[in-house]
Ligand SMILES: [Zn+2]
Ligand SMILES: [Zn+2]
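In this note's numbering, the protein residues as written are 2 to 164.
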């Protein structure tokens, strides 16, 4: 995801619009999570004394599996982007993303932002009941009627003791 920055590079305070609709930097930024369709980026890039500051928004559809019921989860991530980029020659030990010459590649910055904003656990709904531990039925859809009689083996010894 590369932008020609030659127009603002030589002018302190100059800015340009960044607009992008298309392929995400990575289709699967995280195991089990797929970026669905195109991503939409819109922002402004400003030259602050040679540091290029990106201020913008990113929308990305995300498809994953519910960790309780394994059903499909679809979400739209809406991210606020605030990142600084610096010429690789001046990068040194900074935390900023480097760019080379007159081309700014924001792929890595975007991907990092996407990963940071993915939920730790994907859930189809906060009320998801998950799967029955006995029959595997989806408890959101069926009432399987199984009774959970699994006894902790340590407790089993204890219950014999009391008999
Ligand atoms: Zn679920
Ligand atoms: Zn069941």
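Where a beta carbon is used, it is the ideal one built from N, C-alpha and C, also for glycine. Computed from a predicted structure; not experimentally measured.
Item: If I measure Cβ to Cβ from residue 89 and keep anything under 8 Å in the same chain, skipping five residues before and after, which residues do I get?; Value: 99, 100, 101
Item: Are there 16 or more other CB atoms within 10 angstroms of the CB of residue 74, so buried, or fewer, so exposed?; Value: buried
Item: For the alpha helix (DSSP H) that residue 9 lies in, which residues bound it at each end?; Value: 7-10
Item: Quick one: complete beta strand (DSSP E) runs, 3+ long, within the segment 7-50?; Value: 16-23, 35-49
Item: Report the option in 53, 128, 132, 114 whose CA atom is closest to the CA atom of residue 14.; Value: 53
Item: I want to check one thing, is the minimum distance from the CB of residue 125 to the heavy atoms of ligand 1 below 6 Å?; Value: yes
Item: Is the beta carbon of residue 135 less than 7 Å from the beta carbon of residue 125?; Value: no
Item: Write down the C-beta distance between residue 59 and residue 40 rounded to the nearest angstrom, noting that I regard them as a contact closer than 8 Å.; Value: 6 Å
Item: Alpha carbon to alpha carbon, how far is residue 12 from residue 116?; Value: 33 Å
Item: Measuring CB to CB, does residue 23 end up less than 7 Å from residue 62?; Value: no
Item: Just to confirm, is the Cβ distance from residue 82 to residue 44 under 7 Å?; Value: yes
Item: If I measure Cβ to Cβ from residue 87 and keep anything under 8 Å in the same chain, skipping five residues before and after, which residues do I get?; Value: 51, 52, 53, 95, 97, 98, 99, 100
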